[in-house]
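Participant: I am attaching a structure below and will ask some questions about it afterwards.
In this note's numbering, the protein residues as written are -5 to 405.
As structure tokens, this is what we get:
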């Protein structure tokens, strides 16, 4: 497709020659489970009521409280906003409007960011918000400015004279590390330089995917802080009955269990870097955020069909499904390896439809382990986007570039 020509060579090499790896059931990991949800409600109720910290010597009592609250939860329908039953009412219009507005707004904003980047590149200005390490440019070309930064005495004391950098932003990062306060250990500064070298050696698409993974890691860490559990349960779980729409987005970055976080992170890095290099980071960001919201919306809209199966959901699985579906459409013959079946070579066009069929069976039969509808919604969104809507991205970017050109001409 024309829209992917710019990044196709790099992505094809990674997807075709090296292969794309699907790590077991990482693509289809649970967005929700009975025990996880019950634990979340348990911890919220116990901490909100007693407002004290449970230490190791109180752990047996804490386990008893968990069991009691779990039983209470299973016998009632919980609503985080009101702290009680919502009588199973699920609003459909408000979350639909919110999801459509968010998706359109996200693509509009990201297309404007890319158009602004193109405009600034032609005018030799700072790149913008996606280049977080550069605050501006001096006189001369980039090579001269980079050489001047690395010739600084403090920089040479830290990394030596022969340290290789990949650009001006990389050199600026090392210079900032070199000028950190003297009380910071030299070994720590060297470790920071190594991390900066690794970061700047990544492509822009890889940086985008790792940034998303980092956000997931921060949210996962917040789940592990007991005093934050009531806030996390309210703001980072999507419950169709509580009337909150923004949680369709925030729950995409939310993982309560370590295995859930690791599986989704591995899958996102395995497939997302290829797609982000093909699309570009701005396009991928808009696609990924929209996929997370749309997959949550699909689960939300169909939840009234089986009220008994409604549970709060969380996780990036729906968005990851969309990423894998898009990869299947762009590189249908890419080889993948399943962690549980490494001896069975498969193409992504064989594995992903089988995975979707499994989720379809789970949705029809009412299996409660996974949020199968969110998985299906994400996968179908990824397939449909590449097939029908991806070309609209170029039009959005061109329209934004024309607006910037008219604005500059008027000035």
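C-beta atoms are modelled at their ideal positions from N, C-alpha and C, and glycine is treated no differently. As the structure is a computational prediction, the values presented were derived from the model and not from experiment.
By DSSP, does residue 175 sit in helix, in strand, or in coil?
Facilitator: coil
Participant: Do residue 162 and residue 136 have their CB atoms nearer than 8 Å?
Facilitator: yes
Participant: Considering only residues of the stretch 298 to 379, which uninterrupted beta strand (DSSP E) runs meet the minimum length of 3 residues and lie entirely inside it, listed in chain order?
Facilitator: 329 to 332 and 335 to 341
Participant: Going by DSSP, what residues sit across from residue 232 in a beta bridge?
Facilitator: 307
Participant: Should residue 399 be labelled buried (16 or more other beta-carbon atoms within 10 Å of its own) or exposed?
Facilitator: exposed
Participant: Check whether the stretch 243 to 254 touches the stretch 167 to 185, counting contact only when three or more Cβ pairs, one atom from each stretch, lie closer than 8 Å.
Facilitator: no
Participant: Looking at the structure shown, is residue 168 part of a helix, part of a strand, or coil, going by DSSP?
Facilitator: Three-state result, residue 168: helix.
Participant: Tell me whether residue 283 counts as near the ligand GDP, meaning its Cβ is closer than 7 Å to at least one heavy atom of that ligand.
Facilitator: Summarising the ligand content, the structure contains no ligands, and the ligand GDP is consequently not present.
Participant: At 4 residues or longer, what runs of the alpha helix (DSSP H) sit wholly inside the stretch 214 to 290?
Facilitator: 223 to 229, 241 to 244 and 252 to 273
Participant: Between which two residues does the alpha helix (DSSP H) holding residue 99 run?
Facilitator: 87 to 116
Participant: When burial is assigned at 16 or more other CB atoms within 10 Å of the CB, is residue 337 buried or exposed?
Facilitator: exposed
Participant: Out of 323, 372, 358 and 169, which one is the CA nearest neighbour of residue 380?
Facilitator: 323
Participant: If you reduce the DSSP assignment to three classes, tell me which class residue 70 lands in.
Facilitator: Unreliable positioning characterises residue 70 in this predicted model, as indicated by a pLDDT of 44, which lies under 50. The coordinate reading is nonetheless provided below. Coil, per DSSP.
Participant: Evaluate the contact criterion for the stretch 265 to 284 versus the stretch 190 to 209: three or more CB pairs, one atom per stretch, below 8 Å.
Facilitator: As far as the Cβ criterion goes, the stretch 265 to 284 touches the stretch 190 to 209, which means the pair count is three or higher.
Participant: On the DSSP letters alone, give me the boundaries of the alpha helix (DSSP H) that residue 145 sits inside.
Facilitator: From DSSP, residue 145 is part of no alpha helix (DSSP H); its letter is neither H nor E.
Participant: Just checking, does the stretch 203 to 214 make contact with the stretch 249 to 258 on the three C-beta pairs under 8 Å criterion?
Facilitator: A contact between stretches requires three or more CB pairs, one per stretch, nearer than 8 Å, and the stretch 203 to 214 meets this requirement with the stretch 249 to 258.
Participant: For residue 384, which three-state DSSP category applies?
Facilitator: coil
Participant: May I ask which residues mark the beginning and end of the alpha helix (DSSP H) holding residue 182?
Facilitator: 180 to 195
Participant: Would you say residue 293 and residue 377 are within 8 Å of each other, going by their C-beta atoms?
Facilitator: It is not a contact, given that the beta carbons lie outside the stated cut-off.
Participant: Would you report the Cα separation of residue 304 and residue 397, rounded to the nearest angstrom?
Facilitator: 46 Å
Participant: Apart from the five residues just before and just after residue 395, which ones in its own chain have a Cβ nearer than 8 Å to its Cβ?
Facilitator: Beyond the five residues adjoining it in sequence on each side, residue 395 comes within less than 8 Å, by CB distance, of 109, 112 and 113 in the same chain, given in chain order.
Participant: Assign residue 95 to buried or exposed, taking buried as 16 or more other Cβ atoms, counted over all protein chains shown, within 10 Å of its Cβ.
Facilitator: exposed
Participant: For residue 221, count the other beta carbons within 10 Å of its own beta carbon; 16 or more makes it buried, fewer makes it exposed. Which is it?
Facilitator: Label assigned to residue 221: exposed.
Participant: Taking the alpha-carbon of residue 353 as reference, which of 345, 362, 138 and 369 has the nearest alpha-carbon?
Facilitator: 369
Participant: Do you know how far the Cα of residue 170 is from the Cα of residue 350?
Facilitator: 48 Å
Participant: Determine the direct distance from the alpha carbon of residue 261 to that of residue 416, and round the result to whole angstroms.
Facilitator: As displayed, the chain neither begins before -5 nor continues past 405, which places residue 416 out of reach and without an answer.
Participant: Measuring straight from C-alpha to C-alpha, what distance separates residue 341 and residue 316?
Facilitator: 17 Å
Participant: Leaving out five residues before and five after residue 142 in sequence, what residues of the same chain have Cβ atoms less than 6 Å from its Cβ?
Facilitator: Sequence-distant partners of residue 142 (beyond 5 residues in either direction) whose C-beta falls short of 6 Å from its own C-beta are missing from its chain.
Participant: Shortest alpha-carbon distance to residue 388 belongs to which of 219, 365, 193 and 277?
Facilitator: 277
Participant: Count the other CB atoms within 10 Å of the CB of residue 160; is the residue buried (16 or more) or exposed (fewer)?
Facilitator: exposed
Participant: How many angstroms separate the CA atom of residue 156 from the CA atom of residue 306?
Facilitator: 54 Å
Participant: Can the beta-carbon of residue 291 be found less than 8 Å from the beta-carbon of residue 90?
Facilitator: For residue 291 and residue 90, yes; Cβs fall inside 8 Å.
Participant: Can you name, in chain order, every residue of its own chain whose Cβ lies under 8 Å from the Cβ of residue 249, other than the five neighbours on each side?
Facilitator: Taken in chain order, the residues that qualify are 210, 213, 214, 217, 255, 258, 308, 309 and 310.
Participant: So the candidates are 115, 318, 237 and 300; which of them puts its Cα closest to the Cα of residue 87?
Facilitator: 237
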